[in-house]
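Asks:
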Amino acid sequence: MSEVLTIRGLTKRFGGLVAVNGVDLRVEEKETVGIIGPNGSGKTTLFNLITGLFQPTAGQIVFMDRDVTSARPEQRVAAGMVRTFQLVSVFNSLRVWENLVLCVTRFDAAHSSIWKFMTSPATGGTIRDDCYGVLRLVGLEDKAGTMTSELSYGDKRLLEIAIALSLKPKLLLLDEPLSGLSDVEVVDILNLLRRIKRDVTIIIIEHKVSMIVDFVDRLCVMNEGRFVSEGEPSEVLRDPAVQKCYWGKEGTRGC
Amino acid sequence: MKPENRDIYELLIIAGSFLLLVPFLHTHRITDFMIFCIFVLSFDLLYGYMGRLSFGHLLYLGAGAYGAGLSLRHLTANPLLAILLGIAAACLLAMLAGLIVVRATGACFALINLAFNQTGWFLVMSPLRGITNGQDGFGIGAMRLGFFNFGSATFRFWFVLITLLLVFFLLKRVTSSPYGVLVRSIKEDETRVRFLGYNTYLYKWLTFVFSASVAGLSGALTALNYAYVNPNTMDVHKNVGAVFACLIGGAGRLYGALIGGVVYMLISNFLPLYVLRWEMFLGLALLIIVFRFRRGIWGSFEVWLSRAAASARLRAQSGKGAPVK
Chain E
5 MSEVLTIRGL TKRFGGLVAV NGVDLRVEEK ETVGIIGPNG SGKTTLFNLI TGLFQPTAGQ
65 IVFMDRDVTS ARPEQRVAAG MVRTFQLVSV FNSLRVWENL VLCVTRFDAA HSSIWKFMTS
125 PATGGTIRDD CYGVLRLVGL EDKAGTMTSE LSYGDKRLLE IAIALSLKPK LLLLDEPLSG
185 LSDVEVVDIL NLLRRIKRDV TIIIIEHKVS MIVDFVDRLC VMNEGRFVSE GEPSEVLRDP
245 AVQKCYWGKE GTRGC
Chain Z
452 MKPENRDIYE LLIIAGSFLL LVPFLHTHRI TDFMIFCIFV LSFDLLYGYM GRLSFGHLLY
512 LGAGAYGAGL SLRHLTANPL LAILLGIAAA CLLAMLAGLI VVRATGACFA LINLAFNQTG
572 WFLVMSPLRG ITNGQDGFGI GAMRLGFFNF GSATFRFWFV LITLLLVFFL LKRVTSSPYG
632 VLVRSIKEDE TRVRFLGYNT YLYKWLTFVF SASVAGLSGA LTALNYAYVN PNTMDVHKNV
692 GAVFACLIGG AGRLYGALIG GVVYMLISNF LPLYVLRWEM FLGLALLIIV FRFRRGIWGS
752 FEVWLSRAAA SARLRAQSGK GAPVK
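Protein chains in written order, with the numbering used here: chain E, 5 to 259; chain Z, 452 to 776.
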């Protein structure tokens, strides 16, 4: 298997605070990597660095054999690096299906020219059908016509993942996709992620460790801006260093 | 109803609405209203759709007016070519200014535009006085090319009406396209749009230039309608009028821009005849809009319409479900 993402010595300083401190990470194709760690350990900052929202103070990011360290977010998306956000990020002022229009048209030959992109109707051609197709995949087809602001939080999460999937990612970075969801919604999203896991490389940040232990191939534990442990999930969770940083005491809790 | 038929009906309704004003107002004044509506449509694309409030959009109206006026004075006797040159002047200016302007958001965006507008006004008032004739402005002489007789108020009325319909149709196509979705998405969350793989800087610049070009068209038409151009065409204080019109009609809605444009022009043209401090009532109207009708006239009408449709559906469903006695 080839490497999809390689990170070397990634560092981010905010004044005197070192949020990410010399992180190294290699992610293989079709691998699912989980990143856990206490609040403020630098997980989301790491995502922001990988996806280009922040520029690193030091280090290198190689994605699909291409150095993307200084590439803009949209260039990384074009290369196949897609993310979701910690706080669910969808367009509330649009209808549910309209959230997918911009994703679908990226791959639509009929909208390849700027003139067609600017003048052909968003409801025309195959755009609407394609949007509905993606919504069917996540079980939101019956809500396609409603305003996004009227969706429940769980449905917004599903929509956000639908947006990410419609961008045909090679690497999908999910930032706490299960946070704020009911147990039923967590099961729905995990089932969806299990379905797509075969085709996409995934990095997932999650607080609900027990929920993703069976889902990820490899688990990385972050504390104070660096990885303190990395490996097979059940082994990592037994690591005393992990138990200390994550739960505060050594050997007091299992996963 | 087929979409293309719907477009035709909509255009006919708009044309009919302006024609209904003919018995009550002089055609020159209605032409003025329609030109202002074109300007408000251009402003609405920037403010209502993309969420970028500009206090300097009149610069591009002025550029269009001076571009067309100076072309007719020095370059050509063809009024249609002069209109195109007016649009080109506004477009070129926006292409340059836009490179800086669209990097800003919020208050910075509004104030940088204001600064550019003020600079433009100062340039035509003083340093470029030799060309623009400063505060006095200049008149435009021959405005006729065969059938296109801009000396006739009736011809100007029909020409501007058709231009307004074309601009409305074009903007409707554009705002209903994926690009329209992109522009509305930028208004809500620009960062998110970048993470969909779009270079938002490029599209913001494009929207800015497009909007300014339409404003330039309204400026060129203003020059032809008055056969006169002076620095008032880019007076920074008049930017407020476009903001009011957008808010009164309903920002982010093309019909809102038309309704707001007409209502603002009616207020600003006729209220001063009866009330000395008429601007005070405009201020009160703005307060009412902000606190009670944030969606403006058209937006509120849309809400009322959707509620009426929903309650009609409910009534129909409960009627079907009622037991037969």
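Yeah, the Cβ is synthetic: ideal placement off N, Cα and C, and Gly gets one too.
When the Cα atoms are used, what is the spatial distance from E/K34 to E/E102?
Replies: Each residue's alpha carbon lies about 29 Å from the other.
Asks: Helix, strand or coil: which one does DSSP assign to Z/F490?
Replies: If DSSP states are grouped into helix, strand and coil, Z/F490 belongs with the helices.
Asks: Please confirm whether Z/G703 and Z/D458 have their CB atoms less than 8 Å apart.
Replies: The answer is no: Cβ separation not under 8 Å.
Asks: Checking contacts by CB at 8 Å: is Z/E461 closer than that to chain E?
Replies: Closer than 8 Å: no.
Asks: Helix or strand or just coil, what does DSSP make of Z/M594?
Replies: Reduced to three states, the DSSP call for Z/M594 is coil.
Asks: Would Z/S662 pass as an interface residue toward chain E - the criterion being a Cβ-Cβ separation below 8 Å?
Replies: So no, Z/S662 is outside the interface.
Asks: As an exercise, report each continuous beta strand (DSSP E) stretch of at least 3 residues that is fully enclosed by the region 82-167 of chain E, in chain order.
Replies: Listed in chain order, they are 85-87.
Asks: Please report the straight-line C-alpha distance between Z/R766 and Z/A760, rounded to a whole angstrom.
Replies: Using only the alpha carbons, I get a separation of about 10 Å.
Asks: Hey, would you say the C-beta of Z/F494 is under 7 Å away from at least one heavy atom of the ligand MN?
Replies: No copy of the ligand MN appears in this structure; indeed no ligand is present at all.
Asks: Out of Z/V680, Z/M485 and Z/L497, state which residue places its alpha-carbon closest to the alpha-carbon of Z/L654.
Replies: For the sequence presented, residue 654 of chain Z should be read as Tyr rather than Leu. Nearest option by C-alpha distance: Z/L497.
Asks: Mind checking if Z/Y649 is an interface residue toward chain E, Cβ cutoff 8 Å exclusive?
Replies: Yes, because at least one Cβ of chain E sits closer than 8 Å to the Cβ of Z/Y649.
Asks: Listed from N- to C-terminal order along the chain, which residues in the region 624-636 of chain Z have their beta-carbon within a distance smaller than 9 Å of any beta-carbon of chain E?
Replies: Of all residues in the region 624-636 of chain Z, R624, V625, S627, S628, P629, Y630, G631, V632, L633, R635 and S636 have a Cβ within less than 9 Å of some Cβ in chain E.
Asks: Find the nearest neighbour of E/Q247 within the set E/F67, E/R132, E/I40 and E/N96, judged by alpha-carbon distance.
Replies: Cα-wise, what sits closest to E/Q247 is E/I40.
Asks: Taking its Cβ as the centre, do 16 or more other Cβ atoms sit within 10 Å of Z/H688, making it buried, or is it exposed?
Replies: Result: exposed.
Asks: For Z/G507 versus Z/N681, is the C-beta distance shorter than 8 Å?
Replies: No; because the gap between Cβ atoms is not below 8 Å, this pair is not in contact.
Asks: Just to confirm, is the Cβ distance from Z/A666 to Z/Y511 under 8 Å?
Replies: The answer is yes: Cβ separation under 8 Å.
Asks: Using a Cβ-Cβ cut-off of less than 8 Å, give me the residues of the region 73-88 of chain E that come near chain Z, in sequence order.
Replies: Taking 8 Å as the Cβ-Cβ cut-off against chain Z, the residues of the region 73-88 of chain E that qualify are R76, P77, E78, V81, A82, V86 and R87.
Asks: Measuring only the C-alpha atoms, how far is E/A166 from Z/S577?
Replies: Near 57 Å, if we compare the C-alpha coordinates of Z/S577 and E/A166.
Asks: Express the C-alpha separation of Z/T570 and Z/I563 in angstroms, rounding to a whole number.
Replies: Cα to Cα, Z/I563 sits roughly 11 Å from Z/T570.
Asks: Am I right that E/G38 and E/V190 are in contact with their C-beta atoms under 8 Å? What's the rounded C-beta distance?
Replies: Wrong, their Cβ atoms sit about 15 Å apart, outside the cutoff.
Asks: So the candidates are E/L29, E/S6 and E/R161; which of them puts its Cα closest to the Cα of E/S186?
Replies: The shortest Cα separation from E/S186 among E/L29, E/S6 and E/R161 belongs to E/R161.
Asks: Per DSSP, which one or two residues make a beta bridge with E/M226?
Replies: In DSSP, E/M226 forms a bridge with E/F231.
Asks: Can you tell me which of the three DSSP states Z/G747 falls into?
Replies: Here Z/G747 sits in helix by DSSP.
Asks: Could you confirm whether any beta carbon from chain E is found closer than 8 Å to the beta carbon of Z/G730?
Replies: The question names Gly, yet the displayed sequence has Glu at residue 730 of chain Z. Answer no: the Cβ-Cβ gap between Z/E730 and chain E never drops below 8 Å.
Asks: Less than 7 Å between C-beta atoms, sequence neighbours within five positions excluded: which residues of the same chain meet that for E/A245?
Replies: Hits under 7 Å: V232 and S233.
Asks: Going along chain E in order, which residues have a C-beta closer than 8 Å to the C-beta of Z/D640?
Replies: Ordered by position in chain E, the residues that pass the 8 Å Cβ test against Z/D640 are S93 and F95.
Asks: So for E/D218, helix, strand or coil by DSSP?
Replies: The answer is coil: DSSP assigns E/D218 none of H, G, I, E or B.
Asks: Apart from the five residues on each side of it in sequence, which residues of its chain come closer than 8 Å, Cβ to Cβ, to Z/V634?
Replies: If we look at Z/V634 and ignore the five residues flanking it on each side, its Cβ neighbours are L496, Y500, M501, T626, Y654 and T658.
Asks: Between E/R99, E/V138 and E/L139, which lies nearest to E/T150 when the distance is taken from Cα to Cα?
Replies: Nearest option by C-alpha distance: E/R99.
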